[in-house]
Amino acid sequence: CVAENNILMVGKIQVARNAEVPLVEARLIINGGARLRGTTPGLATFTAGLLGEGAGGMTALKLAEETDFIGASLRAGAGYENVTLSLSVPKRSVDRGFQLMALMLLKPTFSSVDINRQRSLRLAGFTSERDSPNAVAGKVFYRNIFPASHPYHGDIDGDSASVVNFDSVAVRNWWATAADPRRTTLVLSGDVTLQEAVSWAAKHFSGWKAPSVILSSVPARDVSGPTQWKSRVILVDKPDAAQSVIMIGGPGMSRSDPDYPAVMVMNTILGGSFSARLNDLLREQLGYTYGAGSDFSFAPVAGPFVIGTDVRTDVTDSSLVVIFREIAAMREKPVTDVELARARNYLVLGSLSDYETASQVAGAMSTALLFRLPLATIPAELARINAVTAADVQRMAKFRLNPAEMTVVIVGDLAKIRAGIEKLGLGPVEVQTYEK
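Numbering follows this note's numbering, with no gaps: position 275 of the sequence shown is 275.
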């Protein structure tokens with residue numbers, strides 16, 4: 001903790017030093033983003049986006065000019081779990097860089113003009129999303145697989161009904177309570193020592209007082225997901241669409257699950273890399289799509305397993321046949337030695353390039369903080385990935401890839417694709433619309 005005159009300025013500081021390049025990367029992470037209790041949908045990301053619109057008497061243009069002048073990059077954003085201010089700055093300009101960050105944190109302008117403009121832009125974005133098959137597929141997918149009380153059911157950016165009411169009062173009130181130093185960790189990497197980090201925090205965040213109202217976030221363990229996953233097909237009509245957007249999803253897993261290494265290898269073989277089975281078949285061999293893949297969405301609250309691709313309208317049903325055939329193949333027989341070795345090398349050797357720069361190291365530290373994992377977890381998991389066997393992969397496929405638990409969402413020209421999809425018998429078929 002860093003404190004002065006009984007004022008808490010930063011809850012924790014973490015430093016990873018590498019003085020080879022005179023750069024400093026900083027992440028000021030405030031625990032509690034969109035999941036803070038009582039937060040109006042969309043308000044967290046809206047407020048975080050406004051931090052760069054002016055601070056300390058400077059306009060957005062002036063703030064950007066000052067940042068560029070010292071060769072720095074300064075950003076702010078929010079997710080479900082955190083609000084993060086990120087600074088990348090040469091060591092020689094670090095004092096000015098932290099000064100600008102502190103202005104964004106402690107003295108944001110939040111002018112009515114900026115708020116009105118950004119609100120209009122966000123509302124216009126919602127209108128544009130209705131014309132984007134990919135955006136519609138994602139929204140429909142998440143609202144159907146998670147209950148209304150779940151943080152992933154709705155959009156983190158809110159909807160028209162919530163955003164239309166955003167004003168300077170709402171923004172200021174939320175930031176006044178969300179920006180709490182007691183929930184903050186300052187992560188630094190690059191040419192920095194712990195002593196320097198403490199000195200910078202004491203100098204630039206000395207005016208940061210804890211709010212009188214304490215907002216708590218909903219603990220991840222208290223968030224209930226779907227009680228029953230089931231096979232079903234949800235169609236959204238997009239007349240005259242040249243392509244069909246396909247999303248197929250089932251139960252995911254926690255990032256701290258002991259099966260994580262084996263699941264990563266299994267997913268890499270199925271759809272987690274360019275040479276994976278799904279992409280090789282649907283893109284390279286059949287020419288149905290420009291790309292297909294699969295992924296497990298990891299967060300403190302477990303996200304879903306998702307397969308996604310955009311295919312030509314006339315091969316929508318054929319693409320579904322290929323996807324579910326490959327899921328069955330993963331479950332029914334072991335992967336080849338070549339696939340296994342390639343997947344393990346892809347994950348282990350590829351990870352070496354994830355920690356080369358100060359920014360990457362700060363990102364890794366921030367991710368570990370998000371999942372409450374010690375950094376020692378990373379090399380331990382890489383060693384376990386190298387030990388994954390073909391039997392482990394098949395076991396994970398049987399356990400994690402169950403077609404009877406998968407929801408299929410397709411956005412496309414229903415007049416051309418519906419009959420073929422229904423013949424596949426993937427589950428009950430229903431047609432939905434999307435409005436935001």
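From the three backbone atoms N, C-alpha and C, an ideal C-beta is built for every residue, glycine too.
None of these values were measured; they are calculated from a predicted model.
By the 16-neighbour rule on beta-carbons within 10 angstroms, Ala-362 is buried. Burial is judged here by how many other beta carbons sit within 10 angstroms of a residue's own beta carbon; Ser-244 has at least 16 and is buried.
A contact between stretches requires three or more CB pairs, one per stretch, nearer than 8 angstroms, and the stretch 412-425 fails this requirement with the stretch 262-280. The count of Cβ pairs closer than 8 angstroms, one atom from the stretch 363-370 and one from the stretch 229-239, stays below three, leaving the stretches out of contact. Residue nearest to Ser-112 within the set Leu-50, Gly-425, Phe-371 is Leu-50 (criterion: CA-CA distance).
Taking every protein chain shown into account, the CB of Asp-167 has fewer than 16 other CB atoms within 10 angstroms, so this residue is exposed. Residue state for Asn-31 is assigned as strand, using DSSP reduced to three classes.
A straight-line Cα-Cα distance of about 46 angstroms links Met-104 and Arg-277. In this structure, the beta-carbon distance from Gly-71 to Pro-41 does not fall below 8 angstroms.
Apart from the 5 residues on each side of it in sequence, Leu-382 sits with its Cβ closer than 7 angstroms to the Cβ of Val-348, Ser-351 in its chain, given in chain order. Secondary structure at Met-396: helix, using DSSP grouped into helix, strand and coil. Boundaries around Gln-99 are those of the alpha helix (DSSP H), 94-106, since no beta strand (DSSP E) includes it. If you draw a 10 Å sphere on the C-beta of Tyr-290, you find fewer than 16 other C-beta atoms in it, and that means exposed. Val-136: member of the alpha helix (DSSP H) spanning 133-145, first to last residue.
When secondary structure is reduced to three states using DSSP, Asp-354 falls in the helix class. Met-253 carries a coil assignment under DSSP once its states are collapsed to helix, strand and coil.
Secondary structure note for Ile-70: it is in no alpha helix (DSSP H), with a DSSP letter that is neither H nor E.
The bridge partners DSSP lists for Asp-295 are Val-306. A straight-line Cα-Cα distance of about 26 angstroms links Gly-32 and Val-306. Look at Tyr-260 here: in three-state DSSP terms it is helix.
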